[in-house]
Each structure stands twice: as structure tokens, then as C-alpha cells.
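Residue numbers (our numbering): 24 to 147.
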Amino acid sequence: MLTKILVTLLVIIGAIVYLRRGRGNKVSRSAAMAEAERYPFFSRAIIYVMIAMSMLATAGYWGWSLYDDNTVVDVTISSPIEAMTASYKVRKKDIEAKKITTIDGIQIRLSNQERLTIKATKGQ
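This is the structure we're talking about:
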């Protein structure tokens, strides 16, 4: 959520800077093109480095997401109506709004009165 807010703010700030600065004149644009043509290796290297960094960041995000989703946690279900408590081992990705699926594949549906307590397992 914080990432979405930061990206939105960066886009807004970039748009404001672009609108205030304007498109520039044609002389500066042609001078920039001449400068880029004079050092084609440098401009291509920058482009390739940016692409590589973007791909590396994306792969890191996907890897961390996959690791975090498969983390096993202890889920304790407390029912105030029946005065019972039960604990299960569940992967984070298997916790949903109205049901959970344990490591063993057991699906447990939850009522509105039941409360979940999620704790990291002791092995982590």
C-alpha cells in the first residue's frame, strides 16, 4: 500500500515538473540529440543498466512474495460461543477471509464470531 502511494506521488511530482518546465525549445532538443549521437555507447549502456535493474527488482519482489506466501504460521482459532481454542499450522497464502486451509489440506470455514490469532512458528 505504501509503495502505491509513493509511486502515485512520484508521478504527480513528475507531471508538475514537466508542466512547469514545458517541452523546451527545438534548439535544446536537437543539441541533446547531437550529444546522444556523439556518445552512443554511453546512452545504450544507461538504458541496458536501467532495464537490468528493473528486471532484478521485479525478480526480487516476486521471489520475496513467493517466500513470504509459503511461510508457515501457527493459527489459533478462538470461539467465544463454544469456549474452545484450536491451533493449526497454515501457510500464509492459505489464510482467507472466511476460511483457512491447513498444511494437511483440511479446509476450515470460519464464522463471524470466531477470532484468529496468527503467530510465526518457533522454527523461524
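Every residue gets a Cβ at the ideal spot worked out from N, C-alpha and C, and that includes glycine.
Asked	Found
Distance between Gly37 and Leu25 (C-alpha atoms, nearest Å)	18 Å
Buried/exposed call for Val34, threshold 16 Cβ in 10 Å	exposed
Beta-carbon contacts of Ser102 that lie in its chain and below 6 Å, excluding the five residues immediately before and after	Glu137
Segment contact, 8 Å Cβ cut-off, at least three pairs: the stretch 88-103 with the stretch 124-139	yes
N-terminal and C-terminal residue of the beta strand (DSSP E) that Leu6 is part of	Past the boundaries of the shown model lies residue 6; the chain is included only from 24 to 147, so the question cannot be answered.
Cβ pair Thr94, Lys115 closer than 7 Å	yes
Local conformation of Met78 per DSSP, three classes	helix
Where Lys121 falls: helix, strand or coil (DSSP)	coil
Contact set for Val40: own chain, Cβ-Cβ below 6 Å, skip 5 residues either direction	none
Meets three-Cβ-pair contact criterion under 8 Å: the stretch 115-132 and the stretch 82-93	yes
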